[in-house]
């Protein structure tokens, strides 16, 4: 049986997710009520039988480190682990200069573990994937490296790193955000976008990051610096993620993948979860998403049979444990643990992080409210964006974001 190692890149600054990343790393940002973004890639590996994972961290990593240590406790007796690896400056006085440099600075891990194959995956995407299928493809093709890619409409290709492949799936060209993306074989309306997930034969990965480290002009980025050179002299193949099949997944979910790198995409990806028939279903117990367990009580809905109908209710929403909907209404929203919505308030199309309190008679729409925020009684958010911009962050898509711990008056 092949010896596998997953190295997960979790050190990016996450500036496009500001202010949600003001005090935490991007992979530690809450998602779907009770999860963190990193839980999705870790769950994919765990469900695929890849039980040795190194998470390479750097910026504002305390929240992420805490989550990993409290949540991802594997069976040490069997050699299973999820371990955070902070930037250690093993090769000099520099922090990670890019994704390829993060691997280079931790080559000691590869030397110690002696894996046959190494997965190098990002930590900030939402999807389900059976990585065993990618491994089988890699071995069958005798590839030096396999790049996971997802079909996207050709008019969207300018936003991604696009891969030109031959009929057998071998990479012919890698283009960073091209003006004229090449179509994928057999489908002129679609092109293949790199997901930033790679599988290497170990000797190839070591050779390439050492070569890259010696190049002072390099950006030290996997896409720009490693893959764009490797395919010219070694067999690099492209694995079509749309062909991946996960246990318990419905047909409409195949190929679901979201790069939640900016606020508007992050917001919409959460809203995907509250659809009546969601394209990404959290309730697949054959491929669970694991996260930190807790001892909170169930969510509570308070109804008072009064003439003015103080009814606590939630429709088309995810309501986590420990929440109390006390005579307020919640529609198409995602609530993290310990949220309280008080009487006569209405919360619509919103994401509320842990320990948020909504006072009485508030109206909240299309908002993301970060942890430990108390909204005072009678406040309206999301209905007058000009007014909201004076106090809060408002995205180009019209989503109002209130930072963690902000004193709202």
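Residue numbers (full-length UniProt numbering): 1 to 409. Beta carbons are placed, not taken as given, at the ideal position from N, Cα and C, and that holds for glycine.
What residue range is occupied by the uninterrupted beta strand (DSSP E) comprising residue i?
i, result
"residue 146", "145-153"
"residue 163", "161-165"
"residue 9", "4-10"
"residue 17", "Careful: residue 17 lies outside any beta strand (DSSP E) and carries neither H nor E."
"residue 172", "171-176"
"residue 347", "346-348"
"residue 378", "No beta strand (DSSP E) contains residue 378, which DSSP labels as neither H nor E."
"residue 331", "329-331"
Using the DSSP secondary-structure output, state which residues sit across from residue i in a beta bridge.
i, result
"residue 394", "400"
"residue 83", "54"
"residue 340", "324 and 357"
"residue 367", "400"
"residue 187", "184"
"residue 30", "36"
"residue 304", "310"
"residue 227", "Its beta-bridge partners do not exist; DSSP assigns none."
"residue 289", "Answer is none; residue 289 lacks a bridge partner."
"residue 407", "374"
"residue 315", "331"
"residue 352", "335 and 369"
Which first and last residues belong to the alpha helix (DSSP H) in which residue i is found?
i, result
"residue 201", "Unbroken run through residue 201 is the beta strand (DSSP E), 190-201; no alpha helix (DSSP H)."
"residue 326", "From DSSP, residue 326 is part of no alpha helix (DSSP H) but of the beta strand (DSSP E) over 324-326."
"residue 38", "38-47"
"residue 237", "No alpha helix (DSSP H) contains residue 237, which is instead part of the beta strand (DSSP E) from 236-240."
"residue 411", "In the structure as shown, the chain starts at 1 and stops at 409, and residue 411 therefore has no counterpart that could be examined."
"residue 265", "263-273"
"residue 68", "62-71"
At a cut-off of 6 angstroms, would you count residue i as near the ligand PLP, judging by its Cβ distance to the nearest heavy atom?
i, result
"residue 264", "The ligand content of the structure shown is nil, which means the ligand PLP is not present either."
Measure the CB-CB distance between residue i and residue j and report whether it falls below 7 angstroms.
i, j, result
"residue 342", "residue 329", "no"
"residue 85", "residue 8", "no"
"residue 291", "residue 81", "no"
"residue 144", "residue 228", "no"
"residue 169", "residue 120", "no"
"residue 123", "residue 27", "yes"
"residue 2", "residue 116", "yes"
"residue 400", "residue 381", "yes"
"residue 59", "residue 87", "no"
"residue 280", "residue 256", "yes"
"residue 332", "residue 126", "no"
"residue 394", "residue 385", "yes"
"residue 100", "residue 225", "yes"
"residue 178", "residue 162", "yes"
"residue 324", "residue 340", "yes"
"residue 353", "residue 30", "yes"
"residue 78", "residue 50", "no"
"residue 338", "residue 371", "no"
"residue 262", "residue 16", "yes"
"residue 369", "residue 402", "yes"
"residue 96", "residue 171", "no"
"residue 312", "residue 296", "no"
"residue 199", "residue 146", "yes"
Under 7 angstroms between C-beta atoms, does residue i make it to chain B?
i, result
"residue 73", "The structure shown contains no chain B, having only a single protein chain."
Quick one: any contact between the stretch 237-251 and the stretch 285-303, if contact means 3 or more CB pairs under 8 angstroms?
Yes, since at least three Cβ pairs between the stretch 237-251 and the stretch 285-303 fall closer than 8 angstroms, the two stretches touch.
Three CB pairs or more closer than 8 angstroms across the stretch 192-199 and the stretch 149-166
Using a Cβ-Cβ distance cut-off of 8 angstroms, the stretch 192-199 and the stretch 149-166 are in contact, since at least three pairs of beta carbons, one from each stretch, lie closer than that value.
Which runs of the alpha helix (DSSP H) spanning at least 4 residues fall entirely within the stretch 89-145, listed in chain order?
With a minimum length of 4 residues, the continuous alpha helix (DSSP H) runs that stay inside the stretch 89-145 are 99-104, 107-113 and 131-141.
Touching by the beta-carbon criterion (3+ pairs, under 8 angstroms), the stretch 344-363 and the stretch 314-328
Touching, yes, given that three or more Cβ pairs across the two stretches are closer than 8 angstroms.
Determine contact between the stretch 97-106 and the stretch 175-189, defined as no fewer than three beta-carbon pairs at a distance below 8 angstroms.
These segments do not touch.
Between the stretch 121-135 and the stretch 212-221, are three or more C-beta pairs nearer than 8 angstroms?
Counting Cβ pairs under 8 angstroms, fewer than three are found: no touch.
Counting pairs of beta carbons, one from the stretch 58-73 and one from the stretch 13-25, are three or more of them closer than 8 angstroms?
As far as the Cβ criterion goes, the stretch 58-73 touches the stretch 13-25, which means the pair count is three or higher.
Validate contact between the stretch 309-323 and the stretch 270-280 using beta carbons, cut 8 angstroms, 3 pairs:
By the Cβ rule, the stretch 309-323 counts as touching the stretch 270-280, because three or more pairs are nearer than 8 angstroms.
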